[in-house]
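Counting with this note's numbering, you get residues 419 to 1096 for the letters of the sequence shown. Built from N, CA and C at the ideal position, the CB exists for glycine as well.
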Amino acid sequence: MVKGILLSALLTLPLLGEQSSCNAGFYGCDPVVEELPAKNCQPKEPCFSACACHEGPSIGIASVRHRAPGGIGYNKGYTTVDLFYLLDSGNFFPFIDIRAHGFNDGKPAYNIGGGLRYLSPCSNYAMGLNVYYDYRDADHTNYHALGMGAEFLWPAWGVTINGYAPVNRHKRSYKTGFAGFKGHTALFFKKYETAMSGADLTVKWELFRYLPVTVCPHGDGSIVGDVIFGGYYFVGDYGETAGGGLFKFRLSVSRRFFAEGQVSYDNQFNWRGQGEVGLRFTFGSPVERTDRLISECVDLIALEEKLADKPERFEIIVTTTHKKRGSARNLLTGGVQNFIFVSPHGGSDGSFESPFATINEAFDESGPGDVVYLLAEDGTAIQSTGAIVMQEGQSLLGSGVSHLVDTSFGSALLLNQSDHLPVLSTGAAVTYLTVDNNTTIAGVDFSVDDSVTNLIGAADVDTCNILHNRISPDGAGSISDQVIALVLKGKLKLIGNTIVGFSPGSGVLINTQAGIESRVEAFGNVLDLSSATQFEVVNSGTTQNCFENNTITGSQAYGYLQLDGIGSTLIRNNGYTGDTATLFGIVIDNSGGTLQTVIEGNQLLTFDPNVGPAGIDITGRGMNVKVAKNEATDAGLMFVRGPVESIQSPNLEKTGIEKINGETMVEVFEPVTYIPFE
């Protein structure tokens, strides 16, 4: 009542000397006074149910607004286009509310909702219920949620209660990473994004309303200030909570422009401050006004405007992140992986904080499945005091490369701790490193003593991984046998190794056991040796050999030599470079097996074709061989074929060769493949 009197008095005063364009009636309008029936209510003062110069709010409102920076549960600002439409039906007012948001990084969100509001004919209040479907494409996945709310509205006050619940998923993991070493443990983490459910309660209070006398109430030129304050509480997976309060100040000018400032604090997101500016458009007819037993017309108009405004609610689904911590896992025992550290400037107990000084100390203290981890430090070589025998499941890892390890979150990368490989000086030994089943050697720079017969060897090994090592002599470069010599009964991976500088001696010799299926995978290795054979596989069992993207150089050697066996071999995209007349590039010698061989996409460079050796030499019966897409730099490069079951070599006639070793070629024309020996 007091408010109505003050506003009435204000509107009777001239502004800057101008007279009101309206008559001297209530609010500058000619009143239409009606005596209203009680309608089961106590009679009150008659309401001015019509005002010639104020038709009330429109039933349709559209707006464009931008909010920045991040807020409660999101870290970026967003732009919104929204539509609110009110259906007028006596005392009941159904509505629809659609809001489309675009975050600054391009990710979308939206709300689709509706509700029903009831305006009491006998009292100056309204109430309503609403339901919303919310969507958000968050940083790492998308979320859907349902929201429900209740409203209690008075002319100058409003109370809103909302609840929110995700419906499709509550969390999504998005990152697993290495956190560091502690003691004998490698620590890892896994990050999750989680959508939160919760509730909020807000109170809205109209702080002031300025109405120039030259315009009608609530018309263009009005300035309205609202204060909104309240509390909220959200919960998510892993015990995450966000409980706090917020305060807003909203300013509307001329029913067209609006601005808002917000500050909030809670235990999850701490202090957050935001601002919003927007432009509002109205359309459609005014809200239909009917006679009501409300003491003041200004109250009726205020309630009508609240009926035509969007509900107060959290329009962006609240998300947060959670980090779980774990450790590397021992595949043999399922327990925590034990790491034993070695450094050239080591300490006493093999922990990360106090590593051993020699590699032999570490292996003496190790058990099955343990990891011996070499720290590169300043490049000083780690010393050995004798040969090393690995146990089942053990790994020898260097700090210069990243390693894929098993953790409590699944497989994850243990990140490299230095920009160079740790140097390991082998010392004197016959076979320096004897491997066992399921062992791994990765990221080590081996400096091999001249007395070593085999650097890495085993007489009976199931699975072995030799990855990203550098192997070179520490002196004259002699090695009496092979750098790597294994008898295999399972799977061998040779990936990314560099073996250089040895003479005499061979590079890699793999013997597969009879009656056992084995697989040899050699990818991305570099072998540069002056030795009898760079890479040799002797197939005694059924073997699958994959030899791809390797670089073979040197002299007086076979680049790739394969003997006997059944199974299949793929030799693809390798580079072979020889500098003397005694180097063969690829040699397949089968004495009666059923080997299927594909030789494709290799580069055969600088071979001397006039002395006798060949870029590709295939002999033996019982094989099916396909030779295609290989390249050579010398037109006279020889392709030697012995009594082979069949050879598919498309377009060999381009080279002018119709017969090889007196036998007619069987040509299969495939336009997509070629062997340009020209």
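Contact between F676 and S670 is confirmed by a C-beta separation of about 5 Å, below the 8 Å threshold. Closest in C-alpha terms to I934, from the list G1003, I530, V879, V926, comes V879. In this structure, the beta-carbon distance from G648 to D684 does not fall below 8 Å. Sixteen is the threshold: since fewer than 16 other Cβ atoms of the shown chains lie within 10 Å of the Cβ of H763, the residue is exposed. In this structure, D515 is the residue among F510, D515, V905, T858 with its C-alpha nearest to the C-alpha of A480. Taking the CA atoms as reference points, F607 sits about 23 Å from G861. Judged by their CB atoms, P475 and P729 are not nearer to each other than the 8 Å cut-off. Between the alpha carbons of H886 and I1006 lies a gap of roughly 27 Å. Between F953 and G925, the gap from beta carbon to beta carbon is short of 8 Å.
A direct Cα-to-Cα measurement between A746 and N834 gives close to 15 Å.
With a threshold of 16 other beta carbon atoms within 10 Å, N509 falls short and is exposed. Within the same chain, and ignoring the five residues on either side of T559 in sequence, the residues whose Cβ sits closer than 6 Å to its Cβ are R590. A straight line joining the alpha-carbon of G696 with that of R674 spans about 8 Å. Relative to the Cα of V585, the nearest Cα in the group K600, T612, T852, N542 belongs to T612. A residue is called buried once 16 or more other Cβ atoms fall within 10 Å of its Cβ, and P526, having fewer, is exposed. In this structure the region 755 to 770 lies against the region 791 to 800, because at least three pairs of beta carbons, one per stretch, are closer than 8 Å. Annotated as proximal: G787 and L750, with beta-carbon spacing under 8 Å. Around the beta carbon of F665, fewer than 16 other beta carbons sit within 10 angstroms, so the residue counts as exposed. One thing to note: Y561 has its Cβ no nearer than 8 Å to the Cβ of I530. Straight through space, the alpha carbons of L839 and Q692 are spaced by roughly 50 Å.
In the three-state DSSP reduction, E722 falls in the helix class (H, G or I). Membership of A556 in any alpha helix (DSSP H) is not indicated, and neither H nor E is assigned to it by DSSP.
Rounded to whole angstroms, K909 and A903 show a C-alpha spacing of 14 Å. Judged by DSSP secondary structure, N778 falls within the alpha helix (DSSP H) whose first and last residues are 777 to 782. In the structure shown, the three-state DSSP call for Y543 is coil.
In this structure G616 is in contact with V653, their Cβ atoms being roughly 6 Å apart against a cut-off of 8 Å. For the 8 Å CB-CB criterion, T738 and Q680 do not form a contact.
Just measuring C-alpha positions, the residue of A563, V499, F827, A660 sitting nearest T594 is F827. Between the alpha carbons of R483 and E733 lies a distance of about 13 Å. When secondary structure is reduced to three states using DSSP, G598 falls in the strand class. Per DSSP, S936 is one residue of the beta strand (DSSP E) stretching across 935 to 941. Boundaries of the beta strand (DSSP E) around F521: 510 to 521. A straight-line Cα-Cα distance of about 12 Å links Y536 and W572. Note on E569: 16 or more other CB atoms within 10 angstroms of its CB, so buried under the neighbour-count rule.
Cβ contact annotation for N992 (same chain, cutoff 6 Å, sequence separation greater than five): N968, N1020, in chain order. In the structure shown, G679 falls within a strand segment according to DSSP collapsed to helix, strand and coil.
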